[in-house]
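Here the sequence shown is numbered in the numbering used here, starting from 4 and rising by one per residue.
Beta carbons are placed, not taken as given, at the ideal position from N, Cα and C, and that holds for glycine.
These figures come from a predicted structure and were not determined experimentally.
Input: a single structure, listed below in structure tokens.
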Amino acid sequence: MEFQYTNEWTVIIINMMSKIILIAYIMAICVTMVTCNHWNEHWNKYSQDERQWIMIMFCSDCEFIKGDLD
């Protein structure tokens with residue numbers, strides 16, 4: 004009876020790697036959700052004038068800035 008050692012370990016490693024990638028993907032989604040929720044709560048603490056000032060200061064679109072300053 005012939006034993007295929009290499010093929011068995013290859014399958015085991017591929018299965019482990021696919022599980023690790025799946026877990027990492029799920030963790031990345033969770034971290035993104037928590038971060039977005041945190042920034043949303045942080046952003047809601049600003050008044051409308053402060054939000055407009057922040058958007059003008061950090062916006063790279065010159066037309067947007069020019070339109071807001073008029």
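Check whether residue i and residue j have beta carbons under 8 Å apart
i: I57; j: Y49; result: yes
Distance between residue j and residue i (C-alpha atoms, nearest Å)
i: W46; j: R54; result: 8 Å
i: Y28; j: N18; result: 15 Å
i: T13; j: W42; result: 43 Å
i: A31; j: C62; result: 27 Å
i: D52; j: T35; result: 28 Å
query: What residue ranges within the segment 21-47 form continuous beta strand (DSSP E) runs of no fewer than 3 residues, ordered along the chain?
result: Taking only runs of at least 3 residues, no beta strand (DSSP E) segment lies wholly in the segment 21-47.
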